Structure formats: structure tokens, C-alpha cells
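**Student:** Okay, so the sequence shown: first residue is 41 according to my numbering, each after it adds one. The beta-carbon is built from N, C-alpha and C at its ideal position, and this holds for glycine as well. Keep in mind the model is a prediction, meaning the values are calculated, not measured. Starting off with a structure, shown below.
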Amino acid sequence: MEEVKKDFRPQATVEVLEDGPIKITGNFMLSDSKRDIMDSPEEVYLCRCGRSKNKPYCDNSHKI
């Protein structure tokens, strides 16, 4: 694995939360299946359980 330089600053950080969603923070863009750009706040939680009623966003349905 390549070593990360100390002055490296990622544009976005992707974190897979244990038993939860995927958290993305930073400067990024999301696009839908038609490649249209979606509103992208600086922090978003994406569903990975498939139960969310608000896909692609997490609505905490995984906790039920």
C-alpha cells in the first residue's frame, strides 16, 4: 500500500460505518442514474442496507 504524504488533503472522505451507512464528507458531487448532478451537502450518509425509503440516502431503517 502506498504511503500517504503528511501534507495530503483529500477532497472527500468516505467512511463505511459499522452496521450503518456510508458517510461521505468534504467536497464532492453525487449524480443519479441519469448522471444528473444531485444536491450535495458537505456531509451525506448513503444507505447500504437497501431498506431506506429515501434512497440513496440513509433514513436509519437499518436500526429497525
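1) Tell me which residue opens and which closes the beta strand (DSSP E) that Ile64 is part of.
2) From the DSSP output, in three-state form, read off Ser92 for me.
3) For my contact list, Cys89 and Lys95 are in at a C-beta cut-off of 8 Å; report their separation, rounded to the angstrom.
4) Can you tell me where the beta strand (DSSP E) holding Tyr85 begins and where it ends?
5) Have a look at Met4 and Glu55 and give me their C-alpha separation to the nearest angstrom.
**Tutor:** Straight from the coordinates:
1) As a first step, residue 64 is located in the sequence shown; it is residue number 24 there, counting from the start. It spans 62-66 - the beta strand (DSSP E) in which Ile64 sits, taken as one unbroken run.
2) Here residue 92 is taken as the residue at index 52 of the sequence shown, counted from 1. In the structure shown, Ser92 sits in coil (DSSP, three-state: anything other than H, G, I, E or B).
3) Counting from 1 along the sequence shown, the entry for residue 89 is found at position 49. Counting from 1 along the sequence shown, the entry for residue 95 is found at position 55. Not a contact, Cβ separation roughly 10 Å.
4) What you label residue 85 is simply residue 45 of the sequence shown in a count that begins at 1. 83-86 is the span of the beta strand (DSSP E), which, as asked, contains Tyr85.
5) The requested residue 4 is not part of the displayed model; the chain covers only 41 to 104.
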